[in-house]
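In my numbering, the protein residues as written are 33 to 776.
What follows is the structure, given as structure tokens:
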């Protein structure tokens, strides 16, 4: 009976026990246990963290067993369209740097953003070095080379500094505070959830067992077996920062504090409270006598205490001194001393000159109001004209400066000696207030228009090229008595020994040597007075070569006349001398093209196609001055060079070389060397002239054996033959690349 009664009870107990076990295994959100189907439960997130979800930091929250990322969002993630500056250099379409040049590399190629939110530098010239392991400008880092920077030097508490694929720093591995539960073992933490940072019971000095991570992110050694662990007096690095009296050499000073003592906590972490009493540089508290200042805590130091009248003092980064760079003294213009905010005082210019401020010439002054530089007399060059062995430059004040060979008075300064530096053309015969507005150079004579539209010439006159009469050489600018004093001129151009000009009606007058028909009215006299070239319509541009002249007609078309021995006129005429204007044949020009820019040299001419940017040349081509290897005479303008990149905007040639300038400010030359690229070699293909410091050119003028260029700052540069100082650099040394013309 007893046995039969107890058996049902045992069976019932088993059934009830089975029911209890089934309830314990059921999914219960909120029990702190991460069950299948739950993303989180209480403080349990499994392997999920803000970092694993793609964010750069933050702490997850759990609501109804669903992960809440709100505390991750402020740290951002790649792909959210917002650039997290410490970790990303771009994000999707959000790209702060649009070109390679804006990043410090060569080229104007547009930069794109990679899937890793780093800039794609593959199209940038010079960026090929990114990835070679050596950080070099403009890279912030490269591989493990951070140029001495670390998380700590960038102001973080610690961590591992990274380097992105674009060689810009990635601080996502740095941290500013230690947060237990964020899934990252950092700072004083030893572990995070299941991440034991590689530690084991054995590594901590125990014989074995199972190591766990406590809620405080320190090791829980309760499951370890045998002796050992924290408190055994043996430092188990890297999981213990200290153990009893063992600190691995660490001191307050080695940790950045000014002084103090350290202790070891029961959890084998460093106790820095004894260090904190003495502070550290960067905590914003002045800890004397170890520091002079700290952050904004400057003690009693002010600009006034340092002897200034005002301003702001800042603390040096090492807290041992102050920076008074923002302190100032109230300027008192006229006290004889260059005070703060003043540039000069009376005649004291602090060593500055017009040239040091970027101008070509002039005398720098000091304004009595405000003691700032007076640049009213400082000049920039606005036009260059290179002759046979001399060069002239017109400045923005209406003065002309010349240098090089000076015989026969070609420099216009009243002398007949050469000068390797610029000398001022004397405006002896100009009216008061009258200056120059245009200059043109021949072989040994120079002509210019004045601001009153008068014509002046100077230099050699044995062919009547200066005055139109055999009146001897002119050492300073003179106005020809053969012209009506009331005549106004619009253009002037000087050939080797002849001169042509247009009046206000667009009529062409030429004088000087006409032996090869270059005066355009049939005469072959070697010394002719001014006469009307027989052009049929108004002329809007005029160009002279060695023994040739061409005029651009207002209604379109070009007329040329003079020496045609090498088909140099391009008119198709077989006559070696063309004494009257003939039309330049444009039958080989591409449809819709015309030639607004011409240059004439010795036995040839070239022009720029306005719509195509192609170079058309005619005549003879020794040394490849057509920018081609064409060896036969070209009777009419034909394409000799097609630029690959960019349309040329100017062209200039005189004897054995031709140069053209492109819209981007670069200049290329071809023909007989030197061609301005640093070598003396000749080339039938264009070579690039060395770029000036200003970054580009704005004008070009080719002489007989030298070339001069004007940079974007208005400073002249020259290269080539320098026998008579025609380069203006103060020497007579031939130059293979551009050298700056010295200040007069």
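Ideal Cβ placement from N, Cα and C applies to all residues, glycine included.
Just so it is clear, the structure is predicted and the values come from calculations on it, not from any experiment.
Boundaries (first-last residue) of the beta strand (DSSP E) holding residue i
i	result
residue 472	468-473
residue 360	354-360
residue 691	689-694
residue 95	93-95
residue 385	Segment: none, residue 385 is in no beta strand (DSSP E) and carries neither H nor E.
residue 205	Premise fails: residue 205 is in no beta strand (DSSP E) and is neither H nor E.
residue 666	666-673
residue 642	That residue, residue 642, is in no beta strand (DSSP E); it is neither H nor E in DSSP.
residue 489	487-491
residue 522	521-526
residue 99	98-100
residue 508	506-510
Contacts around residue i, its chain only, beta-carbon distance under 8 Å, and the 5 residues preceding and following it disregarded
i	result
residue 461	488, 508, 509, 510, 511
residue 186	193, 201, 203, 206
residue 370	376, 377, 380, 382, 403
Residue i (DSSP reduced to helix, strand or coil)
i	result
residue 515	coil
residue 440	helix
residue 611	strand
residue 557	coil
residue 253	helix
residue 107	helix
residue 234	helix
residue 481	strand
residue 363	coil
residue 88	coil
residue 160	helix
residue 210	coil
residue 660	coil
residue 655	helix
residue 267	coil
residue 135	helix
residue 149	coil
residue 500	coil
residue 72	coil
residue 625	coil
residue 246	coil
residue 648	strand
residue 620	coil
Enclosing alpha helix (DSSP H) for residue i [first to last residue]
i	result
residue 306	305-308
Same chain only: Cβ atoms within 6 Å of residue i, ignoring 5 sequence neighbours per side
i	result
residue 594	548, 549, 550, 579, 580, 581
residue 358	343, 344
residue 421	436, 437, 756, 758
residue 624	643
residue 63	none
residue 446	458, 507, 508
residue 215	81, 83, 224
residue 222	250, 251, 271
residue 288	312
Cβ distance (whole Å) where residue i is taken to contact residue j below 8 Å
i	j	result
residue 326	residue 340	Not really, about 22 Å apart at Cβ, beyond 8 Å.
residue 667	residue 731	So it is not a contact: roughly 31 Å between Cβ atoms.
residue 747	residue 729	Wrong, their Cβ atoms sit about 11 Å apart, outside the cutoff.
residue 377	residue 368	6 Å
residue 635	residue 651	5 Å
residue 772	residue 744	About 14 Å; that fails the 8 Å criterion.
residue 684	residue 672	With 8 Å as the limit, residue 684 and residue 672 do not qualify as a contact, their Cβ atoms being about 15 Å apart.
residue 407	residue 396	7 Å
residue 253	residue 236	6 Å
Own chain partners of residue i with C-beta closer than 7 Å, once the 5 adjacent residues on each side are dropped
i	result
residue 757	435, 436, 450, 451, 452, 764
residue 234	240
residue 53	Confidence at residue 53 is low in this model, with a pLDDT of 33, below 50, so the placement of that residue is unreliable and no value is reported for it.
residue 286	none
C-beta neighbour in chain D for residue i, strict 7 Å
i	result
residue 64	Judged by its chain identifiers, the structure shown contains no chain D, having just a single protein chain.
Review point. What are the uninterrupted segments assigned as alpha helix (DSSP H) that are 4 or more residues long and contained completely in the segment 534-602, given in chain order?
Key: none
Exercise for review: Mind listing, in chain order, the continuous beta strand (DSSP E) runs of no fewer than 3 residues lying wholly within the segment 679-767?
Suggested key: 680-685, 689-694, 699-703, 715-720, 729-734, 738-743, 748-752
Practice item. Tell me the start and end of each unbroken alpha helix (DSSP H) in the segment 394-464 that is at least 4 residues and wholly inside, in chain order. Key: none
Point to revise | Any beta strand (DSSP E) of 3 or more consecutive residues that is wholly inside the segment 271-343 | key: none
Check your understanding: Hey, which unbroken runs of the beta strand (DSSP E) at 3 residues or more fall wholly within the segment 158-193?
Key -> none
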